[in-house]
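Top line first, the protein sequences correspond to chains A and B.
If you use this note's numbering, the first sequence corresponds to residues 519 to 822, in order.
If you use this note's numbering, the second sequence corresponds to residues 801 to 1138, in order.
The beta carbon of each residue, even a glycine, is placed where N, CA and C say it ideally should be.
As structure tokens, the structure follows; a few thoughts come after it.
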Amino acid sequence: MSQPVPWSSHRLLLRLAVIEGWLVNETPLRVGTGREPPLGSAVDLAVIRIHLGGRSVPYIPGSSLKGVFRSTAIQLARAKGLTVCSGLSGDTCMDWESPKYGTSLLKFIQERQREGDEPGAFRVFHEDACLLCKMFGAPSFTGHVEFSDAYPLDEKGQLLEVPLGVRTGIAIDRRTGAVYRGALYQVEFVEPGARFKLTVRATNLPNYALGLLAKILKMLHEGWVRVGGFKTRGFGEVRVENLSFSVTGGTVSGTKLLAVDERDVEVDLAGLAQRYDGWLKASGDNAWRALSKLEEVWDRAALA
Amino acid sequence: MQPSLSVVRRKPKDRSRLEGLAGRLQLALRTCSRGVGDEVDSYLYVGSGFLRLAIEERLLAKARQARVRRELEAVVAELSKAISLDHQPFSATARGLVVPASSVKGNVRSRLELSFARGREGFRSCFIRASGAGRPPARGQQGWRHYRIWEESLREERGSPCDCTGGWEECEVCLLCDLFGTAGLQGLVSFSDFVGERVETERLNLPTGEKLEAVKPGSVFKGSVTFRSLEPVELGLLLYGMGLRDSRVGKPVLLGKLKYRRDLPHVFGVVRYELQKLELAPFSQPLKVDGLEIPPGGGAEGEVLGRLVAGLVKLVRTTYGGELLDVDEVGALEHLEA
Ligand SMILES: [Zn+2]
Ligand SMILES: [Zn+2]
Ligand SMILES: [Zn+2]
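And the structure:
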């Protein structure tokens, strides 16, 4: 079933899907305030904090979660044979010179918009930008997935304790076998066991695109994908707990998530999800099962 | 480039692609113990980087009671004489004692760097952290045991380490920087902390004046190593770097502080890595070696795992031949002391 307005447009709300849960770090976690300084520099690396309820608390910015999801999505999409851009500034589908239009996609689209042809502009974007630009956004285009900042909050919204530790790093001089001078760093980290509230909101995404998000969430949960800095030194392994998946909108019918475009496949969540207040919602193990049904759509979809 | 500085470098693998093998190794790290058939009882000390101070309670009470500046100054003067270093704690997190991932990674990586002697085209690996090659230290000088043990790969200078901070385009790295990462390049192999599972500590007062809280012989730490985009031979190298050869149980290797000291009442740092399980990620290629095949999402334990290790190490040996040294650190050290 094809929509008259492409799903990548923001003019129409076809559906809203919300993934909620808690990220619980199994290993030390460090989300820093900026880039990691080069190895060997003696810098105290503090975790990023925000003022919340009169306190300064560590959190995981939505932008870092989005970064983790997009970079993993690039790998998965390429493994599937899809051409997708890096999403890095200056190197997106929008920036590349398009032989079709004789200019960059961005310039061509802006031209359409200036002429007042908003639907035309969207059609060009929908046809020529990569799946990930449509999902996660591109220059002058808001994506369809939004990651909230993950704060250490409990089910009632109360602030949780976040114990912190500091680790000192040294390196061994290969030549002397002794501690290498100057290779010392001190890094602050969130001790294992802290809980951060995760909220991901996705609008209009076809089932295969929700399936891609589901796959990455599972990879995160299983430790194949990590969050924050010092990943190769054991940091950033998180589990996803108390997962829920809710979806609402015109492309949800009973327990079915209808196909959103011609490459999409309908998914029936009967037995896994219940309807209430206009939402179709699955929780706990059933939420994981619902997500793996969507993941199958991604795995099988012919998108290349 | 001077031939003596040559390190064989190539473009690093594309980090934005999933290709080759991806998976996880579940490992145990054990301090050697005669009780389980090892040749030596060994302690292990890995520091937290923090000093623990001991201050007499009597002085603290006095400081709390001080009312005027003169009284406080008197306490401070007394304190500076009375503060001593207490037993230095073993590295720990909220989950208990740990050998930090960075220590395990450094241990495996440096063993591999030092295991590559010059090959026909140069060294397969740079030294990621090394001071310049000076005159070899004489017996008894700082670092002499280390030098003697690894002499074959330490004789020559290897130049600057690989560096990718200048951007992806110009970046070329050695085999090990591609696997373990370097400035500007994320490694393909990630280590976890090794968390103490059956661990007993003992407070040791060494004749050197050092006071340490060390882990006793027969202690076990558990952790994992996650990898992606590896070829079978590279997975084999990783195992080789942990001292694994023809079975799941590695040969004794040296780790941590005081590992080269043999003039103390206790032996330190003789450990074994033991591979307990190999899991392949669902997005991995199948692992085929020596007639065995592990499918994506599958795994291996026990006897099959032992055969897998032997097959992968054999592959490493045929690939790198004489470039790859097989140094018995523990044996060489004993030999030096004899
Ligand atoms: Zn793109
Ligand atoms: Zn003490
Ligand atoms: Zn290198």
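Could you spell out where the beta strand (DSSP E) holding residue i opens and where it closes?
| i | result |
| --- | --- |
| B:TYR845 | Looking at the DSSP string, B:TYR845 is not in any beta strand (DSSP E), and its letter there is neither H nor E. |
| B:LYS1022 | 1020-1030 |
| A:PHE714 | 713-721 |
| B:HIS887 | Counting along the chain, B:HIS887 falls outside any beta strand (DSSP E), and DSSP gives it neither H nor E. |
| A:PHE707 | 703-708 |
| A:LEU570 | 567-570 |
| B:GLU767 | As shown, chain B starts at 801 and ends at 1138. That puts residue 767 of chain B outside it, with no answer to give. |
| B:LEU1087 | 1087-1089 |
| A:VAL575 | 573-576 |
| A:GLN792 | 792-794 |
Checking contacts by CB at 9 Å: is residue i closer than that to chain C?
| i | result |
| --- | --- |
| A:TRP614 | Protein chains A and B are contained in the structure displayed, whereas chain C is not. |
Round the Cβ separation of residue i and residue j to the nearest angstrom and send it over; I've been treating them as touching at under 8 Å.
| i | j | result |
| --- | --- | --- |
| B:GLN888 | B:LEU1054 | The Cβ separation is near 19 Å, so there is no contact. |
| A:ASN543 | A:GLU673 | Wrong, their Cβ atoms sit about 18 Å apart, outside the cutoff. |
| A:GLY571 | A:LEU677 | 5 Å |
| A:GLU813 | A:ALA732 | 5 Å |
| A:LEU809 | A:LEU798 | Contact flag wrong, Cβ pair sits at about 13 Å. |
| B:LEU1092 | B:GLY1111 | 7 Å |
| B:VAL808 | B:PHE923 | 7 Å |
| A:ARG751 | B:LYS905 | 6 Å |
| B:VAL999 | B:TYR843 | Not confirmed; about 12 Å, so no contact. |
| B:VAL767 | B:LEU1030 | Residue 767 of chain B lies beyond the stretch modelled for chain B, which goes from 801 to 1138, so this question has no answer here. |
| A:GLY729 | B:THR893 | In fact, because the Cβ distance is near 36 Å, the residues do not count as touching under 8 Å. |
| B:SER992 | B:GLY1041 | 16 Å between Cβ atoms; not a contact. |
| B:VAL1033 | B:THR831 | Not really, about 30 Å apart at Cβ, beyond 8 Å. |
| B:VAL846 | B:PHE890 | 6 Å |
| A:VAL536 | A:SER764 | 5 Å |
| A:HIS528 | A:THR660 | 7 Å |
| A:VAL680 | A:ALA656 | No, A:VAL680 and A:ALA656 are not in contact; Cβ-Cβ is about 34 Å, not under 8 Å. |
Please name the residue or residues paired with residue i in a DSSP beta bridge.
| i | result |
| --- | --- |
| A:SER764 | A:VAL536, A:LYS799 |
| A:GLY655 | A:THR660 |
| B:LYS1011 | B:ASN1005 |
| A:SER527 | DSSP, once it has assigned bridges, lists no residue as partnering A:SER527. |
| A:ARG774 | According to the sequence displayed, residue 774 of chain A carries Lys and not Arg. Paired residue(s): A:SER771, A:ASP786. |
| A:TYR698 | Bridge partners of A:TYR698: none, in fact. |
| B:GLY967 | In the DSSP output, where bridge partners are listed per residue, B:GLY967 has none listed. |
| B:SER990 | B:THR1026 |
| A:GLU615 | A:SER622 |
Do residue i and residue j have their C-beta atoms within less than 9 Å of each other?
| i | j | result |
| --- | --- | --- |
| A:TYR669 | A:TRP816 | no |
| A:PRO524 | A:VAL549 | no |
| B:VAL899 | B:PHE1083 | no |
| B:ARG1061 | B:LEU976 | no |
| A:ALA597 | A:PHE654 | no |
| A:SER604 | A:MET612 | no |
| A:VAL745 | A:ILE578 | yes |
| B:ILE928 | A:ALA689 | yes |
| B:PRO1065 | B:PRO1017 | no |
| B:VAL989 | B:GLY896 | no |
| A:LEU534 | A:ALA720 | yes |
| B:VAL1109 | B:SER1047 | yes |
| A:LEU530 | A:ALA595 | no |
| A:PRO546 | A:ARG757 | no |
| B:GLY926 | B:SER902 | The question names Gly, yet the displayed sequence has Cys at residue 926 of chain B. No, they are not a contact pair. |
| A:ALA777 | A:PRO710 | no |
| B:LEU1133 | B:GLN826 | no |
| B:GLU956 | B:ALA933 | yes |
| B:LEU859 | B:ALA822 | no |
| A:ALA805 | A:LEU821 | no |
| A:SER526 | A:LYS652 | yes |
Could you give the first and the last residue of the continuous alpha helix (DSSP H) run that contains residue i?
| i | result |
| --- | --- |
| B:SER953 | 951-954 |
| A:HIS644 | 636-646 |
| A:THR590 | 580-597 |
| B:GLU1139 | Since the first residue of chain B shown is 801 and the last is 1138, residue 1139 of chain B is not available in this structure. |
| A:GLY729 | 725-739 |
| B:VAL1130 | 1129-1137 |
| A:LEU682 | Run containing A:LEU682: none in the alpha helix (DSSP H); it sits in the beta strand (DSSP E), 682-687. |
| A:LYS630 | What sits at residue 630 of chain A in the sequence shown is Arg, not Lys. First-last of the alpha helix (DSSP H) with A:ARG630: 623-632. |
For ligand 5, I want to know if residue i counts as a neighbour, meaning its beta carbon is within less than 8 Å of at least one of the ligand's heavy atoms.
| i | result |
| --- | --- |
| B:VAL807 | This structure does not include ligand 5; its bound ligands are ligand 1, ligand 2 and ligand 3. |
Counting only runs that start and end within the region 1032-1083 of chain B, where is the alpha helix (DSSP H) found for 4 or more residues in a row?
-> Fully enclosed alpha helix (DSSP H) runs of 4 or longer: 1032-1041.
Taking only runs that begin and end inside the region 1092-1125 of chain B, name each unbroken alpha helix (DSSP H) of 4 or more residues, in chain order.
-> 1102-1120
Continuous beta strand (DSSP E) assignments of at least 3 residues falling wholly in the region 894-957 of chain B | 896-899
Which ranges would you report for the alpha helix (DSSP H) in the region 812-879 of chain B if only whole runs of at least 4 residues count?
-> 857-865
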